[in-house]
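Residue numbers (the working numbering), protein chains in the order written: chain W, 1 to 141; chain V, 142 to 393.
Where a beta carbon is used, it is the ideal one built from N, C-alpha and C, also for glycine.
One structure is given here, and the rest of the page talks about it.
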């Protein structure tokens, strides 16, 4: 079995591996004790995603929309639940961020995943988030 | 083990505290404690397993001894009977009866040990699975928390500026805007290319007409030198000179 990634080792690998397909993807290591990798997708409207590794899991999260941007929360929640099973490789979720509720699209991988799988997750997640935002356009303010 | 129930309860407790992480440090400690308890239980089960397996081995060794004795005594009986010593055969047979009873008892005990070993192995495996799941849950909560904290920090950066936390909606807007800009740039470029195209066409036609020097300037030069020729050589020669033809006509 591979050695599991840590947030730091994964960040270093993503930055130093020239074979990784990361054009237009800006990466920054943020924070001290529980560091995260801040990802900005320059070619996808500067979509800002976050990545963190903890033990056996890699968690990548992308902000879909604020709850305050949703016209009808009940209808939107149901639409999200219905979209979730047919959304490839990503999940939809709701999180408290600061003093607001934020709908997120997120993916989880094993922290022993090969680098290529992590890179793919980043691209797929950005794509899925934008597609979801587009699909939900008429439900959002 | 209702891990989900516990985590959902933790969520409920913290969900409405603005700006705080989903699961507070206390709750995390409870989950960590639970993993440690499960690990202690697992170690105890493995200890018990080791003890029972040792006991089983001892019982099995004893059984092997008894079986060897059984074989030995059976041979003695056969030998004694062969030598017509029935009294001795009888004496050995009595001992053999005890040994065979012991063998039956030991076999039964070993069967019981095997059943216990099987149960302990199953529960160890189950405990391992529970621990692994619980750890995964904790990992997920921790990773989620880190990401949430990072997003909250981003939100805090925006808070002072009056701007909202950037989401996919903003990105979509940006993509559309950039597409519009790109489309505008493209149409300007196309227009410029079209203009250059028109100019090029005009230049070519001017050159063809001999008004500006074009690709056929060598011919024009030659024609210029040979212009007086028609007068001297007559019409036959003029026809052969090609381009000079039009020049000659103009002159005429």
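Could you give the C-beta distance for residue i and residue j, rounded to a whole number, given that I count them as a contact under 8 angstroms?
{"i": "residue 140 (chain W)", "j": "residue 95 (chain W)", "result": "Contact doesn't hold; Cβ gap of about 17 angstroms is too wide."}
{"i": "residue 288 (chain V)", "j": "residue 136 (chain W)", "result": "Wrong, their Cβ atoms sit about 22 angstroms apart, outside the cutoff."}
{"i": "residue 52 (chain W)", "j": "residue 284 (chain V)", "result": "5 angstroms"}
{"i": "residue 97 (chain W)", "j": "residue 306 (chain V)", "result": "7 angstroms"}
{"i": "residue 62 (chain W)", "j": "residue 129 (chain W)", "result": "4 angstroms"}
{"i": "residue 190 (chain V)", "j": "residue 258 (chain V)", "result": "7 angstroms"}
Is the shortest distance between the beta-carbon of residue i and the beta-carbons of chain W less than 8 angstroms?
{"i": "residue 159 (chain V)", "result": "Model confidence at residue 159 (chain V) stands at a pLDDT of 43, short of 50, so the residue's coordinates are unreliable; what they give is reported in the following sentence. Answer yes: the Cβ-Cβ gap between residue 159 (chain V) and chain W drops below 8 angstroms somewhere."}
{"i": "residue 290 (chain V)", "result": "yes"}
{"i": "residue 316 (chain V)", "result": "yes"}
{"i": "residue 178 (chain V)", "result": "no"}
{"i": "residue 281 (chain V)", "result": "yes"}
{"i": "residue 174 (chain V)", "result": "no"}
{"i": "residue 209 (chain V)", "result": "no"}
{"i": "residue 310 (chain V)", "result": "yes"}
{"i": "residue 270 (chain V)", "result": "no"}
{"i": "residue 313 (chain V)", "result": "yes"}
{"i": "residue 327 (chain V)", "result": "no"}
{"i": "residue 321 (chain V)", "result": "no"}
{"i": "residue 337 (chain V)", "result": "no"}
{"i": "residue 195 (chain V)", "result": "no"}
{"i": "residue 276 (chain V)", "result": "yes"}
{"i": "residue 263 (chain V)", "result": "no"}
Going by other Cβ atoms of all chains shown within 10 Å of its Cβ, with 16 needed for buried, is residue i buried or exposed?
{"i": "residue 212 (chain V)", "result": "exposed"}
{"i": "residue 18 (chain W)", "result": "exposed"}
{"i": "residue 286 (chain V)", "result": "buried"}
{"i": "residue 88 (chain W)", "result": "exposed"}
{"i": "residue 37 (chain W)", "result": "buried"}
{"i": "residue 104 (chain W)", "result": "buried"}
{"i": "residue 292 (chain V)", "result": "buried"}
{"i": "residue 118 (chain W)", "result": "buried"}
{"i": "residue 333 (chain V)", "result": "exposed"}
{"i": "residue 106 (chain W)", "result": "buried"}
{"i": "residue 198 (chain V)", "result": "exposed"}
{"i": "residue 162 (chain V)", "result": "Note on residue 162 (chain V): pLDDT 48, under 50, position unreliable in the model; the coordinate value appears next. Counting Cβ neighbours within 10 Å, residue 162 (chain V) comes out buried, since at least 16 surround it."}
{"i": "residue 90 (chain W)", "result": "buried"}
Indicate whether at least one CB of chain V lies closer than 8 angstroms to the CB of residue i.
{"i": "residue 80 (chain W)", "result": "no"}
{"i": "residue 129 (chain W)", "result": "yes"}
{"i": "residue 115 (chain W)", "result": "no"}
{"i": "residue 29 (chain W)", "result": "no"}
{"i": "residue 34 (chain W)", "result": "yes"}
So that I know if they touch, is there some Cβ in chain C lying closer than 8 angstroms to that of residue i?
{"i": "residue 297 (chain V)", "result": "Going by chain labels, chain C is absent from the structure shown, which instead holds the protein chains W and V."}
Any 3 or more C-beta pairs closer than 8 angstroms across the stretch 170-186 of chain V and the stretch 270-286 of chain V
In short, these stretches touch, since the Cβ pair count reaches three.
Just to confirm the assignment: which complete alpha helix (DSSP H) runs, minimum length 4, are found wholly within the stretch 36-92 of chain W?
Listed in chain order, the complete alpha helix (DSSP H) runs (minimum 4 residues) inside the stretch 36-92 of chain W are 73-83.
Counting Cβ pairs, one atom from each stretch, are 3 or more of them under 8 angstroms apart for the stretch 180-199 of chain V and the stretch 248-268 of chain V?
Touching, yes, given that three or more Cβ pairs across the two stretches are closer than 8 angstroms.
Evaluate the contact criterion for the stretch 68-83 of chain W versus the stretch 114-126 of chain W: three or more CB pairs, one atom per stretch, below 8 angstroms.
Contact annotation: the stretch 68-83 of chain W does not touch the stretch 114-126 of chain W, with fewer than three C-beta pairs closer than 8 angstroms.
Given 8 angstroms, three or more beta-carbon pairs between the stretch 39-46 of chain W and the stretch 304-321 of chain V:
Flag = yes, the stretch 39-46 of chain W and the stretch 304-321 of chain V touch.
State whether the stretch 6-16 of chain W contacts the stretch 241-255 of chain V, with contact taken as three or more CB pairs (one from each stretch) at a distance under 8 angstroms.
Segments in contact, no.
Is the stretch 106-114 of chain W touching the stretch 25-41 of chain W, taking contact as three or more C-beta pairs under 8 angstroms?
No, because fewer than three Cβ pairs between the stretch 106-114 of chain W and the stretch 25-41 of chain W fall closer than 8 angstroms, the two stretches do not touch.
Could you tell me which whole beta strand (DSSP E) segments of length 3 or greater appear in the stretch 211-298 of chain V?
Note on the stretch 211-298 of chain V: there is no whole beta strand (DSSP E) run with a minimum of 3 residues.
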